[in-house]
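**Q**
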Amino acid sequence: MIGIVILSLILFLFKELVKKLNGCDVSIKYYNEPISDDYIANVNGNCSQKICFLAISNKNISDISAYGIPFTLLHDPFFGPISYVELSVFSNTSSPSTIITIAITENDGAITHFFKTTYCLLQETTNFQLVFKNSPFFLNEPMSIDSEFGTNSGGPKMVVQFIGNTPSVFKKFSSNSLFNSTVKLLGNKATSRLYEVTMFPISMPSINFENHNLTYKYNSGSGELQTTSSFTPIYFTESHYNTFFPAINSKNNIIYQVDFQFTTDIYPYGSMVCTNCYIFLVANNGSRVQFLIYFNKIGSYNSTGTFSNDALHNNMYFTKTITIKPDNFSNGTEMTLVFQDTAFGTTPMGFSAILTGVPVLPNTPVTIYYPSGLKRQLWFNQPPFGLIDGFMVGLVNKFNVMFTIKLSKYMSGTLRYSFNSNNQKSPIEIPLPTQIDPQLIDTESPIVTSAIVVGDIGKMKLVIQMAITDDISGFSAFVCLDTNEIIFDYKNLMLGGTINNGVYSFIYDYGFTPVCKNSAFLDFAGNAQVQNQPFTDFIRSFINATTNIKYLMMNTPSYQAKTLSDFQEFYFAFNNISLTNQGFYNTLYFKFKDNNNDPDYCIKFRLAISGGYPNPIDYYSIWDNNLQMYKVEFYIPPNLSKINILYYIYLGLDYETQYSTSHFQSWVSSNNATLSVYSNIGDMMPPLVRSLLISPSTVDSDSFLNYYLIIEDVYNGFGYGEITIMGSVDFIQWNFTFSSGENKNPLVDVYNFSIYIPKCISQSYNIYHLKLVDKAGVFSEYTFGKSQPFPIIDPLVKIVVNEYKFNCSVNLYSNSLPVLKDFTFEPLSIDVGGPDSSRTVIFKMVVDGAAKAGSKPTIYLGDTYINYVTVPVLSDGVFDPIANITTFTVSTIIPYGFGYPEGILLNVFGIQTTYSTFQGYSSLDLRDANFTYTLLTPTFSSYPKMTSYLPISANGGELTIFGRELSTIANSFYRIIYSVNSSNSTPVASNINVKYISNVAIKLNVSSTTGPFTIEYTTSSKTIDTITIYPYHDYWNPNPVTPTPTETPTVPPTIAPTETPTVPPTNPPQKCGGNPQCGGESKGNCVNGVGCVCISPWIGSECQSRIITIPPPVIDPTNPNQNLTLNSTGTNEFTLVSLVSLVSLRELNFKNELVRSFRFDKWKLISNTTTDSNYITDVIDPKNNNTICSVNVSTTWYQTKTDIEFAGQKLTMNPSTLKYNINITSFPFTYGLNTLQLVMSATAQSTSQQDDQCSSNEFGDTTSNDNSNYLQLSVNQHSLYGRFIKRGIVDNNIKSIGNEILKDLSSENSYYISQSYIGINIPFYKESVQLDPDFSVLLDQRSASSICNNKGNKLSKGAIIGISIGCAAFTIIVVTLVAILLKNKYFFKSVQLKVIKMVAK
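UniProt numbering puts the sequence shown at residues 1 to 1401.
#1: Using only alpha-carbon positions, find the residue among Ile609, Asn625 and Val632 that is nearest to Tyr619.
#2: Sorted by chain position, which residues of the same chain lie with C-beta nearer than 7 Å to Leu1236's C-beta, five sequence neighbours on each side aside?
#3: Please determine if the stretch 627-646 and the stretch 969-977 are in contact, where contact requires at least 3 C-beta pairs separated by less than 8 Å.
#4: Using the Cα positions of Ile102 and Asn1223, report the straight-line distance between them to the nearest angstrom.
#5: Do residue 1405 and Thr1196 have their CB atoms nearer than 9 Å?
#6: Ends of the beta strand (DSSP E) at Arg839?
#7: By a C-beta neighbour count over all protein chains shown, 10 Å radius and 16 as the cutoff for buried, is Val1155 buried or exposed?
#8: Does DSSP classify Gly849 as helix, strand or coil?
#9: Measure from the alpha carbon of Thr939 to the alpha carbon of each residue in Thr443, Leu493 and Glu106, then state which is nearest.
#10: What are the boundary residues of the beta strand (DSSP E) that Leu54 is part of?
#11: Pull up the CB-CB distance for Gly956 and Ser1008, whole angstroms please, since I reckon it's below 8 Å.
#12: Answer with buried or exposed for Thr934, where buried requires no fewer than 16 other C-beta atoms within 10 angstroms of its C-beta.
#13: Using 8 Å as the cut-off, can you tell me whether the stretch 914-933 makes contact with the stretch 523-540, which would need three or more C-beta pairs spanning the two stretches below that distance?
#14: Apply the 10 Å Cβ neighbour rule to Ala673 and answer buried if 16 or more other Cβ atoms are within range, or exposed otherwise.
#15: Do you know whose CA, among Asp876, Thr1170, Asn1221 and Arg975, lies nearest Thr1019's CA?
#16: Hey, how far is the Cα of Lys604 from the Cα of Tyr949?
#17: In whole angstroms, what is the alpha-carbon distance linking Tyr601 and Asp876?
#18: Quick one: what's Ser1314 bridged to in DSSP?
#19: Hey, Gly1282 and Val1140: beta-carbon distance below 9 Å or not?
#20: Just checking my contact of Phe475 with Ile487 at CB under 8 Å: how many whole Å lie between their CB atoms?
#21: Taking the beta carbon of Val5 as the centre, do at least 16 other beta carbons fall within 10 Å, making it buried, or is it exposed?
#22: Report yes if the CB atom of Asp1172 is closer than 9 Å to the CB atom of Ser1190, and no otherwise.
#23: Where do the ends of the beta strand (DSSP E) carrying Asp509 lie?
#24: To which residues of the same chain is Gly910 closer than 8 Å at the C-beta, ignoring the five residues directly before and after it?
#25: Looking at the secondary structure, which residues open and close the alpha helix (DSSP H) in which Asp1291 lies?
#26: In whole angstroms, what separates the C-alpha of Leu966 from that of Tyr490?
#27: For Thr1026, I'd like the list of residues in its chain whose CB is within less than 6 Å of its CB, leaving aside the five on either flank, ordered along the chain.
#28: Going by beta-carbon coordinates alone, are Gly1298 and Gln1330 separated by less than 9 Å?
#29: For Gly1079, which three-state DSSP category applies?
#30: Have a look at Asn1276, Ser1336, Lys1286 and Ser1241 and flag the residue whose alpha-carbon is nearest the alpha-carbon of Tyr1317.
#31: So the candidates are Leu820, Ser578 and Pro1333; which of them puts its Cα closest to the Cα of residue 1402?
#32: What does a CB cutoff of less than 6 Å around Pro1215 pick up in its chain, not counting 5 residues either side in sequence?
#33: Which same chain residues end up closer than 8 Å to Gly1079 when comparing Cβ atoms and leaving out the 5 residues on each side of it in sequence?
#34: DSSP three-state call for Lys1022: helix, strand or coil?
#35: Have a look at Val1006 and Ile711 and give me their C-alpha separation to the nearest angstrom.
#36: What residue ranges within the stretch 623-652 form continuous beta strand (DSSP E) runs of no fewer than 3 residues, ordered along the chain?
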């Protein structure tokens, strides 16, 4: 017993000694940072700055000193474990930056040093330094910016930062008179100011920007910036890249393709710069990099570029000049706009006009200018709209187009129109007719009488109610005259009001609404109450006295817009992300300085990947109260090339500034602001048509014309598409939707489309529209006669000619035009504010003679502001051979509020005969033919309607829906309907709680989903309205559509090689044990070849343990270690504490020997709830402080029995189960045969050390068909049970995973503690690993018995002698170590004193 006491004393002394040797834990927390003015010297060139900080130690602090700069201690600090210190430091401009050394001395003499840099700068001077901050010189952003030099487009952009004695005003930036520029101050730092400089070429010289010096000027000086590249150029040889070749010469633009080939997979970073042209990176698969270059003007263009890689000693450099000739582009067409008739005065009023000599699809609209200043445009590139009659042989390329403009009966004054053709460019005035009833003339504009805020729905959006009156015609809309955008209109009228005197409820986005300097409240007569002030100021003037919305209160500087200089932290949760065949959800975290973090504030975040992806989604930040930070969750699509993604950020209340990646790289840590991704098969190229064949070249009547398109997408694979084929004479359109489906090879296959030709007329058949989408959501699109916005890629980019002329063996002509015999519809009057049933109209048209097969007329509905709604006839006409007429019928639902209150003008176009002659009827023609040409809309009852919603991810969360009258019906409720992925399954519907509701917005919480779902507004007796929600994960990956018609491939498909799948492991047969066997019939059954299959809640190899329920573990904010605690009460009180932790990563060689090991140190809690948590850590190489890899750990607590799936296998989570999901990024193995081992620790411990306790541990194979290993750590009749599945997801494939007990690591085991280290063995991989262990607590039928406390046993004589000898030897070692420590302590102290004396001198 004496030996044990001595041993315990020695162990205590040894622990204290180790603590001394390891040093103390001292930290500094700065209480405040010096403000920017402290850095500016006074007239004598001196600076005085105050530095305040807290010194924190786990021992008492005895002294605090500062070295390297004169200082004054402003007060005597209280010395203890925490000391508050105020220093006043003095410097001058002779040393603009000085490092202060702060020494913290503890009461045991240990000294810890901290270092801080302080500055002392002159007032404004010409002596400053200009540097680039992690920003490419040219970002290749197509731009159009109005500046003092006029409107410029195509200019490069760069971000620079001044460091040193910064000028207060940066005036101008130029490059040897070759450029003009605009300058914007982005933010201020203590030692620098950040500017964005936008360069505009005055001319387009052949200049290599990489080697050109820039001259900068400001209000008190100038200087020169050397921009010569720092690398030695290595020019590409022919083996490095293919010759530039034109991919397409079209009417809209010229596209060149650049294709670089490398001999090995080096995954280079590639970039190109081209003057006055657009460059688009489309693919990078490691050995091949492709760019497309777009040109839209004639001339010669210089293109330059570089490639770099860690394996390349120097950057590789290339240059090329491309010449675009004038004949690459088509010339304009002569068109004339003339009036067919004077304005007709019957109700509704309007006028018609004819465009003569129009090509089939003109690219120029007619623009109408209203007296209020509002302008509207009408386009004619959607046939058969406006085509009024026939065709003439020999003149098949030009037609006459008629259109009708509806006028308000209250309107007076003058309209203007303009048509920008070659012979008519200036606006022409159109006198409005004299009113029939003078009492209808309305000359007074609307009046806003009040405005109040009734709700705040978050994301800086308010619900505002505004009362407006108008004496005669009624309020029409509130518009921004700068953009012609309608902010709200009469459809926002609340129940009980009228357009003459009503209240309008609408959503106002005060955080992100662009500044509209010219807006107007309009009535239906066109009168305008113009606001020559931003709408925000107008709103404030009404609501400032009544609202508590702080961002709208007048003169509140603390709630002004943020700038870059306000950011304190900014980083992405994950970086260097693998996107190989998978998309990725990521999170941006940020917060502002000085605790200026208002939860109501938010930013808008937008990815700008390329034009070949769906329209960018705006993601809004939310405040995370647990982390005390803002976060933005967003989705990245799969298979992007190895790039740093460009993103844009819009700060709330800043309506004009768009910040990009470069701005944040310049202001915060470049690593934190850079969002890097990579893929093994980087593919940003959409599907393309490799070959197009149309046959036969000559057809007869009653025959088929076949289109064969070979579509390829060599990496992502083709998903689905849509195609429209149209004749150049008859304008009949054939529409097809198709997909790769089950019978097609998505990498490359042929698709066949057949069109029926009943009577042959020689004409050109064009692909009018073609859109192809791959499986990652990347799309290409082409529309005949329409310029695609850059950089959307034309799917016909490889097809030189996409227009084919077909000749008939016998041309069948007729001069007879089709005649509309009858045109009727019912009802004649509708309520456009009611439900769908009240807005349903049935149209019936009777045409003389037989209609051409495949052709169907189209009805066009027009309102006062030339908005047109298209109503196509979908079914074939019914031909009556006796009466020789064809009847068409179509039913449609008029859009909500459309045409109120003055009616809708009707037009019919596209009536065709079998000989392809056609005729159209404008509203004027219908009137002259004595048909009813207007649909009356006198009623607008404002029925509830859901109209739109904010984007929501497939992960679920808060959903905001906008609409009208969403809270007015009594006893109504909302429910959600989830679709089930089975044609035979019934959708699942459930009621849903509403978090917020108003007339115009509701907020709901929805669960995660795998596809679209429906929100239904309903009562117990009827459905009021529905809206379908498409989560934005599905937005990137749309569901393929069913192909129509079925295509049969005519070429053998090319099948890409696939990786041989790894056969997942299965457990070996187990013997059935136990007495009784498997615990008896009520607990388990013996299955041959499997073992004991237990009956829930029993578990274990012999079904002798029972699952018990315990409280969920408390989330640890510092690491993912989880503590599962069982407290039993009653006669046998017992507490079991179980700890599960992640320990380290170990690299092992092929002999299973340790190569290197990395312990997990600092974890960051990303998010947490009561049942879930998420952590991340970077594994750091201690040799160079580089990041080895990242480990992300998610934990989920299951309170009830739940079935999940992992790695293709169903797993049952029992109640009170803790599941880990562990993700490891790419690991840099030192050798290709090595493996990785994740080390976890599990401990079960009794808190009471009673004498009669026993412990044990057991490891083996499970018998529950889950093909896993189990670990059971027991103390008495309770145990911690861990399950380790034998498979994982490795490089996106299911692979075998080995699990083992690590006996080489020292574990602590006694009669009341059972501990084991588990190694999860991961094979060599390249990208990522995902693992999924879980743990629970059991109650055992039998007690543990491996290690017990036998109190009666005494030590033998040999044991006592051995312990004594060991203690003596250890005592000698301890004494020696103490002597060495004391000697070194006095040595370090003497050195410290000498350094202090040197500094004092």
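Using N, Cα and C, we set each Cβ at its ideal position, and we do this for glycine too.
Predicted, not measured: the structure shown is a model, and the values here were computed from it.
**A** The short version:
#1: Val632
#2: Leu1145, Glu1147, Phe1227 and Ile1322
#3: no
#4: 41 Å
#5: Nothing about residue 1405 can be reported from this structure: the residues present for the chain run from 1 to 1401 only.
#6: Where Arg839 is concerned, there is no enclosing beta strand (DSSP E), given that its DSSP letter is neither H nor E.
#7: exposed
#8: coil
#9: Leu493
#10: Asn46 to Ser57
#11: 4 Å
#12: buried
#13: no
#14: buried
#15: Arg975
#16: 16 Å
#17: 56 Å
#18: Ala1244
#19: yes
#20: Rounded, the Cβ-Cβ distance is 13 Å, inconsistent with contact.
#21: Any reading at Val5 is ruled out, since the residue's pLDDT is 47, under 50, leaving its predicted position unreliable.
#22: no
#23: Asn501 to Asp509
#24: Pro383, Pro384, Leu387, Phe731, Ser855, Lys856, Pro857, Thr858, Phe918 and Gly920
#25: Asp1291 -> no alpha helix (DSSP H), and no H or E assigned at all.
#26: 16 Å
#27: Thr1014 and Glu1016
#28: no
#29: helix
#30: Ser1241
#31: Residue numbering for the chain in the displayed model covers 1 to 1401; residue 1402 lies beyond these limits and cannot be assessed.
#32: Thr1109, Thr1200 and Lys1201
#33: Cys1092, Cys1094, Trp1098, Glu1102, Cys1103, Gln1104 and Gln1341
#34: coil
#35: 39 Å
#36: 629-636 and 647-651
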